[in-house]
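Notes follow the structure.
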Amino acid sequence: MTDIGIIGLGNMGGPMAANLSRAGHHVRGFDLSASACVAAAEQGVEIVEAASDVCTGAEVVITMLPSGEHVLDLYRNGGLLEAASPGTLFVDTSTIEVGESRLARDLAVKAGHRALDAPVSGGVVGATAGTLTFMVGGEAADFQNVEPILSVMGKRAVHCGASGAGQATKICNNMILAISMIGVSEAFVLGEALGVSHEALFNVVSTATGQCWALNTNCPVPGPVTTSPANSDFDPGFATALMVKDLGLSQRAADGAGVVTELGKHAHELYVHYSQQGGADRDFSGIINAVRESIEKEARA
Ligand code: NAD
Numbered sequence: 160m161t162d163i164g165i166i167g168l169g170n171m172g173g174p175m176a177a178n179l180s181r182a183g184h185h186v187r188g189f190d191l192s193a194s195a196c197v198a199a200a201e202q203g204v205e206i207v208e209a210a211s212d213v214c215t216g217a218e219v220v221i222t223m224l225p226s227g228e229h230v231l232d233l234y235r236n237g238g239l240l241e242a243a244s245p246g247t248l249f250v251d252t253s254t255i256e257v258g259e260s261r262l263a264r265d266l267a268v269k270a271g272h273r274a275l276d277a278p279v280s281g282g283v284v285g286a287t288a289g290t291l292t293f294m295v296g297g298e299a300a301d302f303q304n305v306e307p308i309l310s311v312m313g314k315r316a317v318h319c320g321a322s323g324a325g326q327a328t329k330i331c332n333n334m335i336l337a338i339s340m341i342g343v344s345e346a347f348v349l350g351e352a353l354g355v356s357h358e359a360l361f362n363v364v365s366t367a368t369g370q371c372w373a374l375n376t377n378c379p380v381p382g383p384v385t386t387s388p389a390n391s392d393f394d395p396g397f398a399t400a401l402m403v404k405d406l407g408l409s410q411r412a413a414d415g416a417g418v419v420t421e422l423g424k425h426a427h428e429l430y431v432h433y434s435q436q437g438g439a440d441r442d443f444s445g446i447i448n449a450v451r452e453s454i455e456k457e458a459r460a
């Protein structure tokens, strides 16, 4: 049994804390939201009065927060680093900027602690089922240390390199996903215009060289994959607002590194547009509606 502190008991952090508690770890948790605290307490998490209280006696402190601002603010002003015993392992599982992640690590190390970035993929379903994938950046020895804990919350944890490498890997993955979903959407809309049925296109492409997760698992047209969000008016799934956030992070990281990712940049603009047109809370595969609209507009012009 390990003493674990966790801050951020929302859609992701709540079920992650519940899984840790269910596995027999002593979990202290804190969230600004009273309802998130009540839900976590029902799952065996000991709720404390202040964020810094999760550090009392903790060997590992996990954060699962909306943005880098939240993480850095807590590290700088939340009293966590002061309250933790020397050498505590801070594991930030939020999705934040690569630069912010390295800054958070530096703050923790300067205060005498250890730190890893460990963003996840798998969404709320994966957090609940304990099947997340963790992408981890930081010291290899710290990764090995925390692996047994990550294995309670996920099915796979990969050490991606030095501090920030977990965040970098996550945003590269999501940039591929965003671009491939647009490509799949364009193919279905083109197929419609050329008289090819969704079923025929899916049956061929899903086993041909065009196959990818965006088509095989999260198909943007209803029918071929009965579990894809397209069958339920794009009920997420992975909400467009979160995709916009991750693409924004990838573009800021690209700017910082002096790298131009043309398709990533364009994909970001298209998802922002779809988000502003009412798609923010829809699954990101709803981008097919924006693609169809834009192709039809071009055809009319
Ligand atoms: P969420 O908004 O449901 O949860 C965040 C929680 O943090 C909220 O309950 C909020 O009250 C709490 N919080 C904010 N500031 C706080 C503070 N100072 N002290 C204590 N608690 C504080 O968000 P989420 O969906 O759980 O996402 C969390 C992170 O995981 C984000 O970085 C997101 O990008 C990433 N992520 C989410 C998904 C997903 O499908 N939801 C998938 C992968 C990664």
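For reference, each letter of the sequence shown is one residue, going 160 to 460 in my numbering. Built from N, CA and C at the ideal position, the CB exists for glycine as well. Predicted model, so just to flag it, every value in this text is computed and none were measured.
- In the same chain as Asp394, and ignoring 5 residues on each side of it, the C-beta atoms closer than 8 Å to its own belong to Pro388, Arg441 and Asp442, in chain order.
- Note on Glu256: 16 or more other CB atoms within 10 angstroms of its CB, so buried under the neighbour-count rule.
- Boundaries around Val284 are those of the alpha helix (DSSP H), Gly282 to Ala288, since no beta strand (DSSP E) includes it.
- For Ile330 against Leu408, the beta-carbon gap comes to about 5 Å, under 8 Å, which counts as contact.
- Taken atom to atom, the span from the alpha-carbon of Thr287 to that of Ile166 is near 17 Å.
- Under DSSP, Ile163 takes part in a beta bridge, and its partners are Val186 and Val219.
- Between ligand 1 and Met160, a heavy atom-to-CB distance of less than 6 Å is absent.
- In the structure shown, Leu406 adopts helical secondary structure according to DSSP, grouped into three states.
- Between Gly369 and Leu360, the C-beta spacing is not below 7 Å.
- With a threshold of 16 other beta carbon atoms within 10 Å, Asp232 falls short and is exposed.
- Using a Cβ-Cβ distance cut-off of 8 Å, the region 415 to 429 and the region 370 to 381 are not in contact, since fewer than three pairs of beta carbons, one from each stretch, lie closer than that value.
- A contact between stretches requires three or more CB pairs, one per stretch, nearer than 8 Å, and the region 174 to 190 meets this requirement with the region 279 to 297.
- Per DSSP, Val268 lies in no beta strand (DSSP E); the unbroken alpha helix (DSSP H) holding it starts and ends at Val257 to Lys269.
- Between Val220 and Thr247, the CB-CB gap stays under 7 Å.
- When the five nearest sequence neighbours on each side are left out, the beta carbons in the same chain lying within less than 6 Å of the beta carbon of Cys196 are those of Asp190 and Ile206, in order along the chain.
- Counting the other CB atoms within 10 Å of its CB gives Gln303 a total below 16, which places it among the exposed residues.
- A distance of 7 Å or more separates the beta carbons of Gly227 and Ser211.
- Burial is judged here by how many other beta carbons sit within 10 angstroms of a residue's own beta carbon; Asp251 has at least 16 and is buried.
- Close CB contacts of Cys319 within its chain, under the 8 Å cut and outside five residues either way in sequence, are with Met294, Val295, Gly296, Gly325, Ala327 and Thr328 (chain order).
- Within the DSSP bridge table, the entry for Glu201 names no partner.
- Ligand 1 never approaches His427 closely enough for any of its heavy atoms to be under 6 Å from the residue's Cβ.
- Under DSSP, His318 takes part in a beta bridge, and its partners are Val295.
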